[in-house]
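Below is one structure, written out as structure tokens, with a few remarks after it.
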Amino acid sequence: MINFPSILVPLVGLVFPAIAMASLFLYLQKNKIF
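Counted the way this note's numbering counts, the sequence shown spans residues -14 to 19.
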């Protein structure tokens, strides 16, 4: 089996900022700041 953290770390590094950006975008759309 492949080394698990070597897959987990880049996956979290890509997924977590994507979720953060998406939630921030929805938050701004909801509050109609722009």
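We put the beta carbon where it would ideally sit given N, CA and C, even for glycine.
Terminal residues of the alpha helix (DSSP H) in which residue i lies
i	result
Lys15	-11 to 16
For residue j and residue i, the rounded distance between their alpha carbons
i	j	result
Ala5	Tyr12	10 angstroms
Lys17	Ala7	15 angstroms
Asn(-12)	Phe10	34 angstroms
Chain-order list of residues whose beta-carbon lies under 7 angstroms from that of residue i (same chain, five-residue window excluded)
i	result
Val0	none
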